[in-house]
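Notes to accompany the following structure.
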Amino acid sequence: MSTTNGRGREETQEERADRQWTELLQELRVAQTGVQILFGFLLAVVFQPRFAELSEVDRDIYVTTVVLGSATVAALIGPVTYHRLLTGRRLKPQTVIWASRMTMVGLVLLFFTMCSTLLLIMRVALHNTFALWLVGGIALWFLACWFVFPVWALARNRSGPREDPPREDPPSEE
């Protein structure tokens with residue numbers, strides 16, 4: 002059964018799930034590329050000669066950053082594995098819901114990974130407390146770009162039609 006969802010788009014629940022999955026994959030491609038480059042950089046840092054000169058605090062920040070980066074990679078690659086394991090089982094709408102949730106977790110983890118990475122770099126580069134202020138300012142900018150602006154746009158458009166997310170109904174038997 003096709004529905005228009007108030008937007009003039011006629012699509013079945015399965016077609017909507019397919020479209021949403023394609024859109025999510027495009028978003029993940031952008032995020033995954035950046036995360037993989039960042040994570041590769043983080044893994045290489047420990048093998049640099051200057052790493053031995055880091056203070057204990059900076060080493061702790063580094064370890065925290067690598068752990069956050071690992072968790073970010075897992076969350077942003079997780080949707081691909083989720084989809085691969087469920088392909089052909091007629092669970093696309095549920096896959097889109099869970100993959101979207103994992104992606105949001107991955108983006109939050111990416112925010113913390115970026116802040117932690119910036120803190121480490123700024124502490125090494127500046128050797129003073131200005132690094133904290135600089136990272137705090139950049140963290141606010143990340144929050145604004147990634148979360149505040151989209152939430153603000155949603156709040157301004159509350160009266161407009163909203164696309165219904167796929168329901169978590171059991172698959173129909175055909």
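Be aware that the sequence shown starts at 2, since it is given in the numbering used here, and climbs by one per residue. Glycine included, every Cβ here is placed at the ideal spot set by N, Cα and C.
*What's the C-alpha gap between glutamine 95 and leucine 119?*
36 Å
*From glycine 35 to threonine 130, what does the alpha carbon distance come to, in whole angstroms?*
28 Å
*Would you kindly report the start and end of the unbroken alpha helix (DSSP H) that includes phenylalanine 150?*
150 to 157
*Under the three-state reduction of DSSP, which class applies to glutamate 175: helix, strand or coil?*
Reliability of the predicted coordinates at glutamate 175 is poor, the pLDDT of 38 falling under 50, and the value obtained from them is presented with this limitation in mind. Coil.
*When you compare each of Met123, Tyr83, Gly107 and Glu54 to tryptophan 22 by their alpha carbons, which one comes out closest?*
Tyr83
*Buried or exposed: which applies to methionine 115, given that a residue is buried once 16 or more other Cβ atoms fall within 10 Å of its Cβ?*
buried
_Coil, strand or helix - glutamine 33 by DSSP_ = helix
*Three-way DSSP call (helix, strand, coil) for glutamine 49 in this model*: coil
*Outcome for alanine 18 when other beta-carbon atoms lying within 10 angstroms are tallied against a minimum of 16*: buried
*Report yes if the CB atom of alanine 76 is closer than 9 Å to the CB atom of valine 97, and no otherwise.*
no
*By Cβ distance below 8 Å, which residues in the same chain neighbour leucine 39 in space, the five residues on each side in sequence not counted?*
Gly70, Thr114, Met115 and Thr118
*Please name the residue, chosen from Leu92, Gly79 and Arg102, that lies closest to glutamate 16 on a Cα-to-Cα basis.*
Leu92
*Tell whether a beta-carbon distance below 9 Å holds between leucine 108 and alanine 32.*
yes
*Kindly indicate which residue of Leu127, Met123 and Leu25 has the alpha-carbon position closest to the one of arginine 102.*
Leu25
*Going by the beta-carbon positions, is the gap between leucine 121 and threonine 73 smaller than 9 Å?*
no
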